[in-house]
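Let me begin by presenting the structure, written as structure tokens, before commenting on it.
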């Protein structure tokens, strides 16, 4: 996660938005080094000069609410939202917002992250605001939903998944969060453990296959030997 945010920091500092961060675009080598790939939907941006861009980017499950509401002016918040989805997915072991349509996706977001107040709707000036504005107000319930997460992890997730993109901060701020000073994950050690597990599973698989062959009946053995090579 730290490597992902470091990569986003590098991109954002150079005026580049990835615009499609998801699990399949994050590759790990045997040493646990992460590579961000697939910049096919990436775009450049200038924080001092707003320019209209398409909102038809980012895979649905990782798409921020402002995109679903038709935003065409956006910045680093798009990648930070996706990073928040990735962090929750890593900690819970499954996608957290698996919507099938844009309407369902927005409903899932508001039910988990809370629906925005009137001030947000007036300030945002989003094209689809009147179409998707919820009749029912939802309170943020991330803390209750993910009560097994550590306080530092939950705080970082709630920041990255703020409905208002202005409140998501920056990749630099996320890297300086308490999560990375209290939750230490050694990528090298992890990759070593994964390789050990694969080796063990591989040996166990070979052993099981050998035992199955030895348990074959004489007729099965005869049949196998009679087959043409």
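Numbering (UniProt numbering), first residue to last: 1 to 229.
Built from N, CA and C at the ideal position, the CB exists for glycine as well.
When burial is assigned at 16 or more other CB atoms within 10 Å of the CB, is residue 98 buried or exposed?
-> One-based indexing of the chain shown puts residue 98 at position 98. With fewer than 16 other Cβ atoms within 10 Å, it is exposed.
Residue 177 to residue 152, Cα distance in whole Å?
-> The sequence position of residue 177 within the chain shown is 177, counting from 1. The sequence position of residue 152 within the chain shown is 152, counting from 1. Taking the straight line joining both Cα atoms gives about 8 Å.
Could you tell me which residues DSSP pairs with residue 16 in its beta bridges?
-> As a working mapping, residue 16 is identified with position 16 in the chain shown. Per DSSP, 44.
Whole alpha helix (DSSP H) runs in the region 145-180 with 4 or more residues, listed along the chain?
-> Counting only runs of 4 or more, we get 151-160, 171-175.
Cα-Cα separation, residue 10 to residue 69 | Taking the first residue of the chain shown as 1, we reach residue 10 at position 10. Taking the first residue of the chain shown as 1, we reach residue 69 at position 69. Straight-line spacing of the CA atoms in residue 10 and residue 69 works out to 28 Å.
N- and C-terminal bounds of the beta strand (DSSP E) containing residue 26 = If you number the chain shown from 1, residue 26 lands on position 26. That run of the beta strand (DSSP E) goes 26-28.
Could you name each continuous alpha helix (DSSP H) segment of 4 residues or more that falls completely within the region 69-96, going from the start of the chain to the end?
-> Segments of the alpha helix (DSSP H) lying fully in the region 69-96: 77-92.
Within its chain, find whatever has a CB closer than 7 Å to the CB of residue 113; leave out the 5 residues flanking it on each side and keep chain order.
-> Stepping through the chain shown from its first residue, residue 113 is reached at position 113. In its chain, beyond the 5 residues on either side, 140, 142, 161, 163 have a beta carbon closer than 7 Å to the beta carbon of residue 113.
In its own chain, which residues sit with a C-beta less than 8 Å from the C-beta of residue 182, not counting the 5 before and 5 after it?
-> Locating residue 182 in the chain shown gives position 182, counting from the first residue. If we look at residue 182 and ignore the five residues flanking it on each side, its Cβ neighbours are 150, 152.
Label residue 63 either buried or exposed according to how many other C-beta atoms from any shown protein chain fall within 10 Å of its C-beta, with 16 as the threshold for buried.
-> The residue given as residue 63 occupies position 63 in the chain shown. Classification of residue 63: buried, given that the 10 Å Cβ count is 16 or more.
So the beta strand (DSSP E) residue 60 belongs to, where does it begin and stop?
-> Looking up residue 60 in the chain shown gives position 60. Per DSSP, residue 60 is not a residue of any beta strand (DSSP E), being assigned neither H nor E.
Does DSSP put residue 109 in a helix, in a strand, or in coil?
-> Translated into positions along the chain shown, residue 109 becomes position 109. The three-state secondary structure of residue 109, taken from DSSP, is helix.
Are the beta-carbon atoms belonging to residue 45 and residue 15 less than 9 Å from one another?
-> Here residue 45 is taken as the residue at index 45 of the chain shown, counted from 1. Here residue 15 is taken as the residue at index 15 of the chain shown, counted from 1. Yes, the pair counts as a contact, with Cβ atoms nearer than the cut-off.
Supposed close pair residue 34, residue 83 - CB separation, criterion 8 Å | The residue labelled residue 34 in the question sits at position 34 within the chain shown. The residue labelled residue 83 in the question sits at position 83 within the chain shown. Actually they do not touch by this definition, with Cβ atoms about 12 Å apart.
Boundaries of the beta strand (DSSP E) in which residue 35 is found, first to last residue = One-based indexing of the chain shown puts residue 35 at position 35. Following the DSSP letters along the chain, one finds residue 35 inside the beta strand (DSSP E) bounded by residues 34-36.
Span separating the alpha-carbon of residue 93 from that of residue 104 = As a working mapping, residue 93 is identified with position 93 in the chain shown. As a working mapping, residue 104 is identified with position 104 in the chain shown. Spanning the two alpha carbons is a distance of roughly 21 Å.
Neighbour-count burial assignment, residue 148, 16 or more Cβ in a 10 Å radius | Within the chain shown, the letter at position 148 stands for residue 148. Residue 148 counts as exposed, since fewer than 16 other C-beta atoms from the protein chains shown sit within 10 angstroms of its C-beta.
Out of curiosity, what's the CA-to-CA distance linking residue 111 and residue 144?
-> Along the chain shown, read from residue 1 onward, the residue named residue 111 stands at position 111. Along the chain shown, read from residue 1 onward, the residue named residue 144 stands at position 144. Straight-line spacing of the CA atoms in residue 111 and residue 144 works out to 12 Å.
Using a Cβ-Cβ cut-off of 8 Å (strictly less than) and excluding sequence neighbours within five positions of residue 26, which residues of its own chain qualify?
-> By one-based count along the chain shown, residue 26 stands at place 26. These residues qualify, in order along the chain: 4, 34, 35, 36, 37, 86.
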